[in-house]
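These notes are about the structure you will find just below.
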Amino acid sequence: MPHTLNHIAILTSGGDAPGMNSALFAVTKTAQLQGIKVSGVRKGFDGLIDNDLVPLEFQTLQHTMHLGGTVLKTARSERFLTIAGRNQAVDTLLKNNIDGLIAIGGDGTFKGIESLSQSCAIPCIGIPGTIDNDIAGTEVTLGFDSAVNTAMQCIDIIRDTAESHSRVFLIEVMGRDSGYIAIYAGLTSAADAILIPESIKDINYLLEKINRYNSEHAFIVVVAEGDEVGVELVAKKISEINSAIDLRVTKLGHLQRGGNPSAADRMLAIRLSVAAVNALIKGERNKMVGLLNNQLRLTPFTQIAKQHKVSQELHTLLTVFSC
Ligand code: F6P
Numbered sequence: 002m003p004h005t006l007n008h009i010a011i012l013t014s015g016g017d018a019p020g021m022n023s024a025l026f027a028v029t030k031t032a033q034l035q036g037i038k039v040s041g042v043r044k045g046f047d048g049l050i051d052n053d054l055v056p057l058e059f060q061t062l063q064h065t066m067h068l069g070g071t072v073l074k075t076a077r078s079e080r081f082l083t084i085a086g087r088n089q090a091v092d093t094l095l096k097n098n099i100d101g102l103i104a105i106g107g108d109g110t111f112k113g114i115e116s117l118s119q120s121c122a123i124p125c126i127g128i129p130g131t132i133d134n135d136i137a138g139t140e141v142t143l144g145f146d147s148a149v150n151t152a153m154q155c156i157d158i159i160r161d162t163a164e165s166h167s168r169v170f171l172i173e174v175m176g177r178d179s180g181y182i183a184i185y186a187g188l189t190s191a192a193d194a195i196l197i198p199e200s201i202k203d204i205n206y207l208l209e210k211i212n213r214y215n216s217e218h219a220f221i222v223v224v225a226e227g228d229e230v231g232v233e234l235v236a237k238k239i240s241e242i243n244s245a246i247d248l249r250v251t252k253l254g255h256l257q258r259g260g261n262p263s264a265a266d267r268m269l270a271i272r273l274s275v276a277a278v279n280a281l282i283k284g285e286r287n288k289m290v291g292l293l294n295n296q297l298r299l300t301p302f303t304q305i306a307k308q309h310k311v312s313q314e315l316h317t318l319l320t321v322f323s324c
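For what it's worth, the working numbering labels the leading residue of the sequence shown as 2, then goes sequentially.
Shown next, in the form of structure tokens:
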């Protein structure tokens, strides 16, 4: 059933991701061109609890759509996990006559919205935004491509110094439970080994390979932050095998979360945002818009889970190109 929309709210929640600002612009422009007022909720669910809303205009957001981070700010709200917090959030939505909510974030965000929907009839649509690319219901999340490009460039830079000294470098990239950034950044920078949480044998392959290490060259190991062994222990194991190995550890950390969104992330933001607003207009509720086979698809929040699976094709590429 089409749903009359006069006023929608939008928020960003969880870890920021490049492309969130592009989505804020695209959602606001799509809505405003159809006569729908848009309010931005500051600081994620905390702003919903605290009634911290600001009017959004696409003419203003046009000038920040290329920036990383989120101009609305974000938070991992502890208060929203409580019934009292969620009740206050519902009050804010009702008080401001909000008749549709768009949330940009990861699986935690959608779990939050799912709980909210149990005490509130206002329809919600999600846009997947996390550099980790670990959400079921979409092949790609906002921010992943930008984070991979940043990580790849950092690894290229490290390679210059690693080659000069013939050193082994362990480079930790982000991905709390997911190896996607490690796989993409590692493969595209020709890393010698890539360690991910989705594979437990990779450490053995690495240790075998390091035994055959030709000290005339750099040896680059990309380790996902969520890898079950972890970069420090990997370093220790390598030193135990051969204490003469000249080894350095670099953690790229939050470097990967900032920076201007790539063209791919900006396009993704535009596609997902237009689809999100149109889904609300069509009367859809409590679903996330994502890309499956490069087609826009809606998946109910109840089916959104962390996606641990790495495709067979990627596993094969890892076997061929690294350990
Ligand atoms: O948003 C995802 C992520 O960047 C993970 O890769 C990382 O583990 C986590 O967030 C870091 O969170 P925080 O910025 O709260 O330290």
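By construction, the Cβ of each residue, glycine as well, lies at the ideal position given by its N, Cα and C atoms.
(message) When you measure from the CB of M268 to every non-hydrogen atom of ligand 1, does any distance come out below 7 Å?
(response) Checking every heavy atom of ligand 1 against the Cβ of M268, none is found closer than 7 Å.
(request) Tell me whether the beta-carbon of I195 lies closer than 8 Å to the beta-carbon of L94. (result) Contact annotation: I195 and L94 have beta-carbon atoms that are not nearer than 8 Å.
(request) Indicate whether the contact test is met: 3 or more Cβ pairs, each with one atom in the region 260 to 275 and one in the region 8 to 24, closer than 8 Å. (result) With the rule of 3 Cβ pairs closer than 8 Å, the region 260 to 275 counts as touching the region 8 to 24.
(message) Taking 7 Å as the cut-off, is the beta-carbon of G176 closer than that to any non-hydrogen atom of ligand 1?
(response) In this structure, ligand 1 has a non-hydrogen atom nearer than 7 Å to the beta-carbon of G176.
(message) Less than 8 Å between the beta carbons of A236 and L188, yes or no?
(response) Result no, Cβ atoms of A236 and L188 do not sit closer than 8 Å.
(request) Report the residue ranges of all beta strand (DSSP E) runs contained in full by the region 167 to 231; include only those spanning at least 3 residues, in chain order. (result) For the region 167 to 231, whole beta strand (DSSP E) runs of length 3 or above, ordered along the chain, are 169 to 174, 194 to 196, 220 to 225.
(request) Return yes when at least one heavy atom of ligand 2 lies under 7 Å from the C-beta of E226, else no. (result) Questions concerning ligand 2 fall outside what the structure shown contains, since the ligands it does hold are ligand 1.
(message) Would K252 and V232 qualify as a contact pair, given that the criterion is a beta-carbon distance under 8 Å?
(response) Yes, Cβ-Cβ distance for K252 and V232 is below 8 Å.
(request) Express the C-alpha separation of I282 and E115 in angstroms, rounding to a whole number. (result) Looking at the backbone, the Cα of E115 and that of I282 are separated by about 19 Å.
(message) Does E241 pass the burial test, meaning 16 or more other C-beta atoms within 10 Å, or should it be called exposed?
(response) Its Cβ having fewer than 16 others within 10 Å, E241 is exposed.
(request) Give the straight-line distance between the Cα atoms of K310 and C121, rounded to the nearest whole angstrom. (result) Roughly 33 Å separates the two Cα atoms.
(message) Let me check you understand the geometry: is the CB of G260 closer than 7 Å to at least one non-hydrogen atom of ligand 1?
(response) Checking the Cβ of G260 against ligand 1 gives no.
(request) Spell out the partners DSSP gives L54 in its beta bridges. (result) Partner(s): V42.
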